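Below: one structure, written as structure tokens.
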Amino acid sequence: MTTTRLPIFPLNTVLFPGLVLPLNVFEQRYRALMRDLLEIPEDAPRRFGVVAIRDGREVAPTASGMPDPTAQAAAGPAAGFGPDPMRAFHTVGCVADATSIRERSGGGEEGGGDGDGDGEDGGTGGGYEVLATGTTRFRLLSVDASGPYLVGEVEELAEDGGEGAGALASGVLRAFRAYQKQLAGARERTLAGGQELPDEPSVVSYLVAAATVLDTPAKQRLLQAPDTATRLAEELRILRRETALIGRLPSVPAADLTRVPTSPN
1 MTTTRLPIFP
11 LNTVLFPGLV
21 LPLNVFEQRY
31 RALMRDLLEI
41 PEDAPRRFGV
51 VAIRDGREVA
61 PTASGMPDPT
71 AQAAAGPAAG
81 FGPDPMRAFH
91 TVGCVADATS
101 IRERSGGGEE
111 GGGDGDGDGE
121 DGGTGGGYEV
131 LATGTTRFRL
141 LSVDASGPYL
151 VGEVEELAED
161 GGEGAGALAS
171 GVLRAFRAYQ
181 KQLAGARERT
191 LAGGQELPDE
201 PSVVSYLVAA
211 ATVLDTPAKQ
221 RLLQAPDTAT
231 RLAEELRILR
241 RETALIGRLP
251 SVPAADLTRV
261 PTSPN
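Residue numbers (our numbering): 1 to 265.
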């Protein structure tokens, strides 16, 4: 088993390989991570690991509601995750490659919410706007909280196709089209014409997992499926169930499948 160390960025969402993740970074620990990633040459991968939070807070708590720039937040790389961060996270995550890291100017509300005010920028920096892409799944083996941000010992997971993945992918694409149509009808909206979907089974499995309206535990189960075929079979079951359910409901929660919201970290 080959392992490697990777900076860890916990989120209240699941990142899938091939999917784009925008981040609004303002906390001290994650700004320190972005500064270190910026030290890596632009033509080299700027990698960090995204794990979904099982039990804890994405943002170190200050008070209820959105981060308060005037409040003193809990400090430290594991703030909000309890005494043992491993227990707070799902152990299968996704490597993210930061394709764009843009530093905001200091001052104003965007610079707040970091808490301790220590570090190179004295807690007054404006944070970063980051665009990252999921690449490879990994299993989190341990977490080191001794530095400015969490670092995990991880084992990268290969994607096994499994038996019958190609046929399942075709069925999932048909079911996903029916799901999209039913969802658009429930919202009294129309689907964009000419939308092309991939046909490579693993890509299909991750795209559908990301685009279907599911809670975090359900998405996490899809991420950690042992192979592509198993993931596709579960998605087929979910899509048929959700399509039938939407057809019986007068309305559904307002969620936009075409956008991934920026995660405020």
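We put the beta carbon where it would ideally sit given N, CA and C, even for glycine.
As the structure is a prediction and not an experimental result, all values here were calculated from the model.
Thinking C-alpha only, which one of the options is nearest residue i?
i: Ala-79; options: Thr-99, Ala-178, Gln-182, Pro-148; result: Pro-148
i: Gly-166; options: Tyr-30, Pro-198, Ala-184, Asp-215; result: Pro-198
i: Asp-160; options: Ala-211, Asp-227, Ala-145, Leu-183; result: Asp-227
i: Leu-19; options: Glu-242, Asp-215, Pro-217, Ser-202; result: Ser-202
i: Glu-196; options: Arg-104, Arg-177, Leu-214, Thr-212; result: Arg-177
i: Phe-48; options: Ser-105, Ala-132, Ala-75; result: Ala-132
According to the neighbour-count rule (16 or more other Cβ atoms, all chains shown, within 10 Å of its Cβ), is residue i buried or exposed?
i: Ile-238; result: buried
i: Ala-52; result: buried
i: Ala-88; result: buried
i: Leu-245; result: exposed
i: Phe-9; result: buried
i: Ile-40; result: exposed
i: Ser-146; result: exposed
i: Ala-44; result: exposed
i: Thr-4; result: exposed
i: Met-1; result: exposed
i: Gly-82; result: exposed
One question on the structure: do residue i and residue j come within less than 7 Å of each other, judged by their Cβ atoms?
i: Leu-140; j: Val-151; result: no
i: Val-50; j: Gly-127; result: no
i: Val-312; j: Thr-135; result: Residue coverage of the chain in this structure runs from 1 to 265, which leaves residue 312 outside it and unanswerable.
i: Ala-229; j: Leu-157; result: no
i: Val-92; j: Lys-219; result: no
i: Phe-16; j: Tyr-206; result: yes
i: Arg-54; j: His-90; result: yes
i: Pro-85; j: Val-130; result: no
i: Arg-248; j: Ala-175; result: no
i: Leu-37; j: Ala-75; result: no
Could you spell out the range, first to last residue, of the alpha helix (DSSP H) harbouring residue i?
i: Glu-242; result: 228-248
i: Ala-79; result: Taken as a continuous stretch (DSSP letters only), Ala-79 belongs to no alpha helix (DSSP H), as it is neither H nor E.
Per the DSSP calculation, residue i is bridged to which residue(s)?
i: Ala-290; result: The question about residue 290 has no answer, for the chain in this structure spans 1 to 265.
i: Tyr-128; result: Val-25, Glu-103
i: Ser-142; result: Glu-153
i: Ile-53; result: Phe-89
i: Leu-11; result: Ala-52
i: Gly-134; result: Ala-96
i: Arg-174; result: Answer is none; Arg-174 lacks a bridge partner.
i: Leu-197; result: Beta-bridge pairing links Leu-197 to no other residue.
Determine the extent of the beta strand (DSSP E) in which residue i is found, giving its start and end residues.
i: Leu-207; result: Leu-207 -> not in any beta strand (DSSP E); alpha helix (DSSP H) instead, spanning 201-211.
i: Arg-87; result: Element bounds for Arg-87: not the beta strand (DSSP E) but the alpha helix (DSSP H), 85-88.
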